[in-house]
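In terms of our numbering, the sequence shown opens at residue 969 and continues consecutively. Even for Gly, the Cβ is constructed at its ideal location relative to N, Cα and C. Keep in mind it's a predicted model, so treat the numbers as computed, not measured.
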Amino acid sequence: MGSLRARILKATTFGGGCLLNFFYPSTKLITKYREGSVIHKTYDALQTPCSRVLASPHVPLELKEKLCAFKASLDPVQLRLELALELDLLQRRHSEKTYKVVLYEAT
969 MGSLRARILK ATTFGGGCLL NFFYPSTKLI TKYREGSVIH KTYDALQTPC
1019 SRVLASPHVP LELKEKLCAF KASLDPVQLR LELALELDLL QRRHSEKTYK
1069 VVLYEAT
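This is the structure we're talking about:
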(Lines of atoms letter the chains of each structure in order from A and count residues from 1; the text may use other names and numbers.)
(Lines give C-alpha, C1' and ligand atoms only; values in the text may rest on other atoms or scores of the structure.)
Protein backbone atom coordinates (compact mmCIF):
# COMPACT_ATOMS: atom_id res chain seq x y z
CA MET A 1 0.00 0.00 0.00
CA GLY A 2 2.79 2.43 0.83
CA SER A 3 4.38 2.14 -2.60
CA LEU A 4 1.04 2.74 -4.31
CA ARG A 5 0.54 5.94 -2.34
CA ALA A 6 4.11 7.00 -3.18
CA ARG A 7 3.48 6.46 -6.90
CA ILE A 8 0.22 8.41 -6.74
CA LEU A 9 1.91 11.24 -4.84
CA LYS A 10 4.77 11.34 -7.37
CA ALA A 11 2.31 11.53 -10.27
CA THR A 12 0.36 14.25 -8.45
CA THR A 13 3.53 16.26 -7.92
CA PHE A 14 4.47 15.97 -11.60
CA GLY A 15 1.01 16.99 -12.86
CA GLY A 16 0.69 19.85 -10.39
CA GLY A 17 4.20 21.07 -11.18
CA CYS A 18 3.50 21.08 -14.91
CA LEU A 19 0.30 23.05 -14.39
CA LEU A 20 2.02 25.60 -12.15
CA ASN A 21 5.14 26.01 -14.27
CA PHE A 22 3.58 26.05 -17.74
CA PHE A 23 -0.02 27.26 -17.43
CA TYR A 24 -0.73 29.18 -14.20
CA PRO A 25 0.59 32.74 -14.28
CA SER A 26 1.97 34.38 -11.17
CA THR A 27 3.25 37.79 -10.15
CA LYS A 28 6.85 38.53 -9.28
CA LEU A 29 7.94 41.18 -6.81
CA ILE A 30 10.17 43.73 -8.58
CA THR A 31 10.80 46.38 -5.93
CA LYS A 32 9.94 46.86 -2.28
CA TYR A 33 10.74 49.90 -0.16
CA ARG A 34 9.54 51.51 3.02
CA GLU A 35 8.41 55.10 3.56
CA GLY A 36 7.86 55.49 7.26
CA SER A 37 5.29 52.89 8.24
CA VAL A 38 4.12 52.26 4.66
CA ILE A 39 5.67 49.52 2.51
CA HIS A 40 5.47 50.10 -1.26
CA LYS A 41 5.67 47.07 -3.54
CA THR A 42 5.90 46.94 -7.32
CA TYR A 43 5.03 43.75 -9.18
CA ASP A 44 5.82 42.54 -12.68
CA ALA A 45 3.02 41.58 -15.07
CA LEU A 46 1.45 38.14 -14.76
CA GLN A 47 3.57 35.49 -16.46
CA THR A 48 4.05 31.77 -16.12
CA PRO A 49 7.41 30.59 -14.79
CA CYS A 50 8.05 29.03 -18.20
CA SER A 51 7.46 32.38 -19.91
CA ARG A 52 9.96 34.02 -17.58
CA VAL A 53 12.57 31.38 -18.44
CA LEU A 54 11.91 31.78 -22.16
CA ALA A 55 12.28 35.57 -21.87
CA SER A 56 15.57 35.32 -19.99
CA PRO A 57 18.75 36.08 -21.98
CA HIS A 58 20.74 33.82 -19.62
CA VAL A 59 19.08 30.58 -20.76
CA PRO A 60 20.61 28.78 -23.79
CA LEU A 61 18.52 28.62 -26.96
CA GLU A 62 18.55 24.80 -27.09
CA LEU A 63 17.01 24.63 -23.59
CA LYS A 64 14.34 27.13 -24.63
CA GLU A 65 13.52 24.96 -27.65
CA LYS A 66 13.20 21.87 -25.42
CA LEU A 67 10.90 23.76 -23.05
CA CYS A 68 8.72 24.92 -25.95
CA ALA A 69 8.49 21.38 -27.32
CA PHE A 70 7.62 19.98 -23.88
CA LYS A 71 4.97 22.65 -23.32
CA ALA A 72 3.45 21.91 -26.74
CA SER A 73 3.10 18.25 -25.73
CA LEU A 74 1.10 19.14 -22.60
CA ASP A 75 -2.68 19.50 -22.46
CA PRO A 76 -3.74 21.65 -19.48
CA VAL A 77 -7.28 20.24 -19.39
CA GLN A 78 -5.99 16.67 -19.38
CA LEU A 79 -3.38 17.52 -16.73
CA ARG A 80 -6.04 19.07 -14.49
CA LEU A 81 -8.34 16.08 -14.93
CA GLU A 82 -5.54 13.61 -14.13
CA LEU A 83 -4.50 15.68 -11.12
CA ALA A 84 -8.06 15.70 -9.76
CA LEU A 85 -8.35 11.93 -10.22
CA GLU A 86 -4.98 11.26 -8.58
CA LEU A 87 -5.80 13.51 -5.62
CA ASP A 88 -9.14 11.76 -5.20
CA LEU A 89 -7.45 8.35 -5.30
CA LEU A 90 -4.81 9.49 -2.82
CA GLN A 91 -7.50 10.80 -0.48
CA ARG A 92 -9.45 7.53 -0.67
CA ARG A 93 -6.29 5.48 0.01
CA HIS A 94 -5.45 7.69 2.97
CA SER A 95 -8.99 7.41 4.35
CA GLU A 96 -8.90 3.61 4.09
CA LYS A 97 -5.70 3.52 6.09
CA THR A 98 -6.50 6.02 8.83
CA TYR A 99 -10.24 5.85 9.36
CA LYS A 100 -11.70 2.45 10.10
CA VAL A 101 -15.25 1.95 11.18
CA VAL A 102 -15.46 -0.16 14.30
CA LEU A 103 -18.72 -1.98 14.85
CA TYR A 104 -19.64 -3.05 18.36
CA GLU A 105 -22.09 -5.82 18.95
CA ALA A 106 -24.67 -5.25 21.64
CA THR A 107 -24.31 -7.79 24.43
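Asked: Report yes or no: do the stretch 1003 to 1012 and the stretch 1056 to 1065 share at least 3 C-beta pairs separated by less than 8 Å?; Found: no
Asked: Taking just the CA atoms, how far does residue 1048 sit from residue 1025?; Found: 31 Å
Asked: Exposed or buried, which one is residue 976 when buried takes at least 16 other CB atoms within 10 Å?; Found: buried
Asked: Going along the chain, which unbroken runs of the alpha helix (DSSP H) with 4 or more residues stay wholly within the stretch 984 to 1027?; Found: 1017 to 1023
Asked: Who are the near neighbours of residue 1019 in its chain, counting only those whose CB is closer than 7 Å to its CB and skipping five residues on each side?; Found: none
Asked: Classify residue 1043 as helix, strand or coil using the three-state DSSP reduction.; Found: coil
Asked: Going by CA-CA distance only, name the one from 1051, 1004 and 1055 that's closest to residue 986.; Found: 1051
Asked: Which residue's Cα is closest to the Cα of residue 1045: 1001, 1056, 991 and 1057?; Found: 991
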